[in-house]
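Have a look at the structure below before the remarks.
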Amino acid sequence: MLRFKSALSVLSKSSPYAVRTLHQNDNSIEDQIKNYLFITTNIEQAFKEALLSATEDDIIFLCGSSGDGKSEILTRYCEMAMFKDRYKFHLDATHSFSPTSNAIQTLDTLFEENRTSNKTLVVGINVGMLGNYAQEGAEQHDDIKSSIKSFLDDSPTESNHQFLDFEKFPKFVLGQNGYTAEFVKELFQKLTAPTNNIIRDHFEHEKTLTQAVDKKLCANYELLSDEAVQQTIIELLFKARLVKDQFLTARALLDFVFHLLAGPGYLFDNLFTGFDNELASKIVDFDPANIRTQHIDKFILSRSLGLPDHNYEVFVEALLLKGFTRSLAPESYLRLFYLLKNSEFANNYHLSFCADFQQDLIKKYSEVWHLHCHFDGSDEHKLALRQYYKDVAIAAIHKYNNRNAPRLGKGEFFISEHNGFQLAADLELKVHVPQIAEDKETKTSHFNTYFKVGKRIVKLPTNINLLSLMLRIVEGYRPNKHDKNTVVLLDELVEEIAEVANETSTLHILYKNDRYKIANDDFDEFEVSGL
Amino acid sequence: MLRLKSELQVKNNTLNSYFPIRTKDRYDIFDWDSALGHVVKHAYRKEFIPFKDPTDLTGKKKKQFELTDFKEASQKTFLRKLDEADFWPILYKMYFQGDELFKIAPEFLLFKTHKAVGNTPNSRLGNMFASLLQDFSFTEKPNAKLNFLEQQLYDVLSLHLKTQDPEEGDVVPKEAPYLPFMANHFQQDLTFLSKRPKYLLSIFKDFLRLYAHLYTAQLALNLKDWRSGEPSPKLHYFILDTEKASDERKLVKDYGHKQLSTALWSIFPYLSMNENLQDSKNQTMPIWAFAQNLAEYPTCVDALENYAAEFKETRQLNTSLSDSRDPLDQLDNLLKLGAAQFGRGETRYDINLQYVKSAEAELCSHFIQSRGRAGRVMVFNQDYLILLTNIAVGEKDKLRFHELILAFEARGVFFDKQSQQALIEFYERIGNVERMSDSGDAVYVFKTI
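Protein chains in written order, with my numbering: chain H, 701 to 1231; chain Z, 678 to 1126.
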């Protein structure tokens, strides 16, 4: 038996097992662990079907990011007898076998050979590399290059070029009842399964050691075995995906799990202190220790002063039995409370903080996303949509557009300012339901909102950050230049609104405390009021 | 046809082509608003109709349409249309004070092209852009969305504008473009901007400053390489103004400010020699094209050789000359002599020193920063960077980062790997990137307009 930590190190990105190469199966314990953790994904199913139905003229591209698991899938199939002879597998298109040629040239040669061969070509390739090849590949492969370009543009490709893209099989699915993350969930379950689990066997063995048991590691593992804890971690990963646009690849996820368990501290600290894991470094920004509420501040203060608190003592005693030390920093306790927010533990002291951790953004996002992406035309749905546009979207746009013209009322939109004179116009801005019903795009990362501005229909793609910004604007927040990324989207919309407003036949002019109205009647005469 | 002047004479050095600076120029010689007007005039092919001078009783004299005339004409129109005459002063305050008028539509900038005393440097700057524009004009006129008040002003202006007569001198370019690649991009980018008149107006000055600098730098860097034929973008490395400049960055150091600074020394000597060799009646050619022309007429060697000897004699130079029978070697001799007359220790040294200083101050200073031990470096600030990104992405929705860098380089802007990293971070911060995967290769950059 290996020590528990060594067994787990298979997961680390620095492990030799992190990258799959051919003929690696040595049936070592590490290999067994890896095989145990292997999860058959939807993309693998799709890949298998593509292989079975392919003819010899076909080229199948399995594309994704580095660490997605392309090689993992490809090695499995290229060693299977039924595929071995009829297919040519090129595992990694960034590799070249000759020191004098680069990846592009290697691909050129590969495609050249394929033209005369009677085997189906299967290529594992990074999406970035695909883009490079489409630009720089040799001329005689223009057919392949144009297929690649079409694929990258999301348009149909030639039928004998198949592209299977990991991004088309998202790890998070936003559905009717919130989101699901089958892949991550299954991984956590396999990792912590109570029986028939080679990893748990190592954990049990570690606990029996008489000397130098890695207590921290064991405590972390037990904590991770709690399903509610797993759910909280998944929620954080999803948040990183939506808010930080973080890609979730298999390798990054495994490394993340290793970092959680075997990192420098307890799991809850590892979770919120980036270290060198790319996922954890994004989650840092969601650290509950940075939330400021009266209750939390009071907790930090009284812990720092060591004020007596009976309930707290009981809770800590219970923790002690689980292998955690007594002397954690107040911040660490908060992180632990956050992690346990959906679990029962000891006297449930931690549950009193649930309200402080309440962040409804994801919930709100799922709701509105669902309203747009799965609009069913029911009255109930329409009502909810109207509510969102009235209370959030339009309210925020109106506030943002008129931020420098506070004297404008409802339905009036600022257009421009000239030497201190502000131009504004009345404008009808409302939700455009038919277009929402027609929009079939269902990407998790955003939803498309549609407005009717005067006679024009305007589309605004909304991601979670823009939603969050709009919610805050409604509450009275004024965006500054640090919000630049999301404000750009809002600016575009506001400019379009100003353009429509500028076309109207009645303009308001505001200057200091004066207010004039000037109307262009149909006889090319201007009627002025307010002088 | 041989482009060599038939009678070569050693005269004073003069320069009227390809570059807007003169030897008497010092600092603050350009008004960029006026350069805007010249570009608008050229690209729109519009000019004012001279109108009857009201002070002339015979009614024959004409005068140019001035801003004050425009104000009067606008007032008349509005007073006819407004039901309350008292509203005119409000409109007047809104649009006629400050620069508000020029923000309505690009055509209003034509007022800035009026010939006035002390305006010649500006028309020289205008000529530099005209040289980049060649016979280019907008095929599709920019269509600004105006409200009904602004539309009135625009209509009044239009009444006094006419399309330029193509027979008139201004339209026919006086010189062939020195840097065809730069001219192409300038025209292409201007076409792109013309379809977005609001954005164009907001960045017009920066746009011209940017191109003025890129043109200056690439012209200077390409001068000596005339034997290679049509110029191509030469390495010219910048860093972002948010980056630290370090001494170790080889590309930034070797192909940065120092290289440019040295290259600027050739502008006046080379271009004035070039001009001196060509007949002013013809369209002026760049040195590289002129050289190709000479090569076709080997018999011109004698004329060149004699001229070189005479030049050397008159200027009392001790430059060693090649006695090859190749006209290009003879041209090389002359260009060397042209430069040698401004050499250190020569009486003309200070003239070129001043010239280089003015060129750097007027056309490059926006892109130069002093950075402690690393010395002076070429920098791009955020505003110029966003502008460059937008015009590089152009009509497309987005560009792969790799292609974006190529589009920069095609315009003479180079960034090393470290700067490219900083660029991606910058784009991420302003939120105009899309990643297709976690790989650095699959980053797409959007424009922000």
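Glycine residues also receive a C-beta, built at the ideal position from the N, C-alpha and C atoms. None of these values were measured; they are calculated from a predicted model.
query	result
Integer-rounded CB distance, given that SER847 of chain H should sit under 8 Å from GLU858 of chain H	5 Å
Reduced DSSP secondary structure (H/G/I, E/B, other) of HIS715 of chain Z	helix
Top-ranked residue by Cα proximity to LEU900 of chain Z, from Z:PHE881, Z:PHE945 and Z:PHE884	Z:PHE945
Cβ-based burial, ALA691 of chain Z [other Cβ within 10 Å; buried from 16]	Rather than Ala, the amino acid found at residue 691 of chain Z in this sequence is Thr. Exposed.
Pairwise C-alpha distance: ASP792 of chain H and ASP914 of chain H	38 Å
Amino acids of chain H, ordered along the chain, whose beta-carbon sits closer than 7 Å to that of LYS758 of chain Z	ASP1224, GLU1225 and PHE1226
Backbone secondary structure at CYS1041 of chain Z - three-state DSSP	coil
Delimiting residues of the beta strand (DSSP E) encompassing ALA1096 of chain H	Here ALA1096 of chain H belongs to no beta strand (DSSP E); instead the alpha helix (DSSP H) covers 1094–1101.
Residue interval of the alpha helix (DSSP H) (run including GLU1117 of chain H)	It is not in any alpha helix (DSSP H) - GLU1117 of chain H instead sits in the beta strand (DSSP E) that spans 1112–1118.
Within chain H, partners of ILE767 of chain Z - CB distance below 8 Å	PHE1121, ILE1209, TYR1211 and TYR1216
Integer Cβ distance of ILE1209 of chain H from ILE1197 of chain H, believed to fall under 8 Å	ILE1209 of chain H to ILE1197 of chain H, Cβ: 18 Å. No contact.
Coarse secondary structure for ARG886 of chain Z, derived from DSSP in three states	helix
Cutoff 8 Å: HIS861 of chain H Cβ touching any chain Z Cβ	no
Interfacial residues, the region 793–827 of chain Z to chain H, with Cβ spacing under 9 Å	LYS822, LEU823, ASN824, PHE825, LEU826 and GLU827
Neighbour list for PHE764 of chain Z in chain H, Cβ cutoff strictly below 8 Å	TYR1216, ILE1218, PHE1226, VAL1228 and LEU1231
Between the CA atoms of ARG992 of chain H and SER1035 of chain Z - distance to the nearest angstrom	57 Å
Neighbouring residues, chain Z, relative to VAL984 of chain H (Cβ below 8 Å)	Chain Z residues near VAL984 of chain H: none, gap ~17 Å exceeds 8 Å.
Rounded separation between PHE813 of chain Z and VAL716 of chain Z - CA only	11 Å
Listed by chain order, chain H residues near ALA712 of chain Z by CB distance under 8 Å	Neighbours of ALA712 of chain Z on chain H: none; closest Cβ ~24 Å, over 8 Å.
Assumed close pair TYR833 of chain H, LEU807 of chain H - CB separation to whole angstroms, cut-off 8 Å	6 Å
Short Cβ contact (8 Å threshold) for GLN811 of chain Z with ALA860 of chain Z	yes
8 Å Cβ cutoff, LYS748 of chain Z in contact with chain H	no
Three-state secondary structure (DSSP) of GLN1031 of chain Z	helix
In DSSP terms, what ALA1125 of chain H is bridged to	H:PHE1113
For HIS1010 of chain H and GLU1031 of chain H, the rounded distance between their alpha carbons	19 Å
Proximity below 8 Å, CB of ASN1109 of chain Z to CB of VAL1120 of chain Z	no
Three-state secondary structure (DSSP) of SER1027 of chain H	coil
Minimum Cβ-Cβ distance from ARG904 of chain Z to chain H less than 8 Å	no
Integer Cβ distance of ARG776 of chain H from LYS819 of chain H, believed to fall under 8 Å	In fact, because the Cβ distance is near 18 Å, the residues do not count as touching under 8 Å.
Contacts that MET771 of chain Z makes with chain H (C-beta to C-beta distance below 7 Å)	HIS1118, ASN1119 and PHE1121
Which of helix, strand or coil DSSP assigns to HIS841 of chain H	helix
Three-way DSSP call (helix, strand, coil) for ASN861 of chain Z in this model	helix
C-beta atoms of VAL823 of chain H and PHE761 of chain H nearer than 8 Å	yes
Neighbouring residues, chain H, relative to ARG1112 of chain Z (Cβ below 8 Å)	ASP945 and PHE947
For ASN1163 of chain H: DSSP bridge partner residues	H:HIS1146
VAL1158 of chain H beta carbon less than 8 Å from that of LYS1082 of chain H	no
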